[in-house]
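Before any comments, here is the structure.
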Amino acid sequence: MDPLQIIDTYYGNNEALREILVRHSRSVTAKALDVARRHPELGLDEQFISEAAMLHDIGIFLTDAPSIHCHGSNPYICHGYLGADLMRSLGYPRHALVCERHTGAGISLKSIIDGNLPLPHRDMLPVSKEEIVICYADKFYSKTDLMHEKSVERALKSISRYGNDGVERFKSWCTMFM
């Protein structure tokens, strides 16, 4: 699998958005692989991490986020499950799970219902070790500030939008991976 080929299929006609997606995804990939290499005891699949981290945000073009050149019709929070649907249609169900489960620090069914979020009613929490590492790494990078890694405090603030359970989950990952 070549993640850039998949990205080019959907982003080839929007160079500004493609550049944002690729730069963000490369930062997330580098951080996730760094975690994998610092924690060999976890037995993480580095090839899968490389691919899935590059594709975790593949669904953003389907959302409405003009500040990052997204002009789709769906709320931005939907990019995870929309990207998952896309990856499933391409025959990559394992990659799809990373897409679906990376938003926030994962989003529980309870948070979806309590927050009246425009998401399918199911748990969207990272389960596999690779899903967790990619989700963790993603929290340190924004698509609106591609040059800087977020602090833990800024990452926590952004996660808190999706419910308090994500905050505690992210804190536990920081303890595991830092």
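Each residue of the sequence shown is one higher than the one before, counting from 1043 in our numbering.
We treat Cβ as the ideally placed atom computed from N, Cα and C, and that holds for glycine.
Check	Outcome
Just verifying my parser: in three-state terms, what is the DSSP assignment at Met1189?	coil
Which same chain residues end up closer than 7 Å to Met1129 when comparing Cβ atoms and leaving out the 5 residues on each side of it in sequence?	Leu1097, Ile1100, His1137, Ala1138 and Cys1141
Under a three-way DSSP split, which group does Thr1105 fall into?	strand
Ordered along the chain, which non-local residues of its own chain (more than five positions away) have a Cβ less than 6 Å from that of Leu1104?	Gly1114, Asn1116 and Leu1124
Hey, how far is the Cα of Cys1120 from the Cα of Ser1092?	23 Å
On the criterion of 16 or more Cβ atoms from any shown chain inside 10 Å, does Leu1046 qualify as buried, or is it exposed?	exposed
Got a sec? Which residues, its chain only, sit under 6 Å from Gly1146 by beta carbon, not counting five neighbours each side?	Ile1201, Tyr1204 and Gly1208
Scan the segment 1118–1190 and note each continuous alpha helix (DSSP H) run of 4 residues or more that stays entirely inside, going in chain order.	1121–1131, 1135–1143, 1151–1156 and 1171–1180
Please name the residue in Val1175, Ser1153, Gly1157 and Glu1172 whose C-alpha comes closest to that of Met1166.	Ser1153
On a Cα-Cα basis, can you pick out the residue from Ala1058, Ala1094 and Glu1173 that is closest to Thr1186?	Ala1058
Give the DSSP-derived three-state secondary structure of His1081 in the structure shown.	coil
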